[in-house]
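Undergrad: In UniProt numbering, the protein residues as written are 1 to 199.
Backbone N, C-alpha and C fix where the C-beta goes; we use that ideal spot for every residue, glycine too.
Here the structure is a predicted model, which is why all the values come from computation and not from measurement.
I am attaching a structure below and will ask some questions about it afterwards.
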């Protein structure tokens with residue numbers, strides 16, 4: 001399978017980077033082809049211009065490449081920290097520029113863009129790994145777990161991805177080395193479950 005892995009964290013050596021490395025290693029161990037983008041390291045430009053919004057817009061070649069990759073992927077893995085209940089701006093910009101009409105979704109004839117879009121992504125499964133410094137109960141009961149809503153309901157469900165799973169590792173700032181090792185074991189097991197070895 002062809003799996004795309006997208007990382008959105010600015011600090012090299014962060015736990016998010018280790019999560020990404022663990023996921024990529026497990027995918028390759030299982031015989032999958034991996035396309036890996038560290039958006040900060042690649043200096044991805046998150047700014048969507050007005051000229052780029054129309055479906056038929058002429059796109060920068062790099063953006064076209066990203067669009068082809070996400071459209072052709074058999075699976076998607078997203079890794080990022082929880083910042084104010086949202087992904088980092090660079091990752092939001094990736095969604096704005098790449099998860100676009102004609103690539104990830106389309107509105108059917110006569111819909112006028114007001115209804116539920118028809119998903120176009122080939123990927124059947126998307127995994128999202130998040131880190132947070134907010135305790136789970138507070139995240140769920142006070143904030144309503146906004147990242148689950150963003151990725152599952154507002155993005156992947158509407159783009160045709162049938163299977164979705166998200167894992168949040170928390171609280172990172174006070175976590176022990178032992179706890180982090182257990183979290184990384186969980187990352188590997190989750191990747192193994194959803195993207196098992198190629199036969």
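(1) With three or more C-beta pairs closer than 8 Å as the rule, is the stretch 5 to 23 touching the stretch 186 to 193?
(2) Thinking C-alpha only, which one of 8, 46, 3 and 53 is nearest residue 31?
(3) Helix, strand or coil, according to DSSP, for residue 80 in the structure here?
(4) Could you name each continuous alpha helix (DSSP H) segment of 4 residues or more that falls completely within the stretch 61 to 134, going from the start of the chain to the end?
(5) Spatial neighbours of residue 148 within its chain, please: CB distance less than 8 Å, with the 5 preceding and 5 following residues excluded, ordered by chain position.
(6) Would you check if the distance between the CB atom of residue 94 and the CB atom of residue 131 is smaller than 7 Å?
(7) Please classify residue 16 as buried or exposed, where buried requires at least 16 other C-beta atoms within 10 Å of its C-beta.
(8) Going by the C-beta, is residue 56 closer than 6 Å to any heavy atom of the ligand MN?
(9) Is it the case that the Cβ atoms of residue 87 and residue 9 are separated by a distance below 7 Å?
(10) Quick one: what's got a C-beta closer than 6 Å to residue 128's C-beta in the same chain, skipping five residues either side?
(11) Can you pull the DSSP bridge partners for residue 168?
(12) Which residue from 7, 96, 27 and 42 puts its Cα closest to that of residue 194?
(13) Sort out for me which residues DSSP pairs residue 5 with in a bridge.
(14) Alpha helix (DSSP H) containing residue 23: first to last residue?
(15) May I have the straight-line CA-CA distance separating residue 121 from residue 71, to the nearest angstrom?
(16) As a quick exercise: from 84, 85 and 66, pick the residue whose alpha carbon is nearest that of residue 76.
(17) My assumption, with CB atoms under 8 Å, is that residue 161 sits in contact with residue 126. Please give the rounded CB distance.
TA: Based on what the coordinates show:
(1) yes
(2) 3
(3) strand
(4) 61 to 72 and 89 to 98
(5) 166
(6) no
(7) buried
(8) This structure simply doesn't include the ligand MN, nor any ligand for that matter.
(9) no
(10) 78, 151 and 166
(11) 130
(12) 27
(13) 36 and 77
(14) 15 to 29
(15) 5 Å
(16) 66
(17) 5 Å
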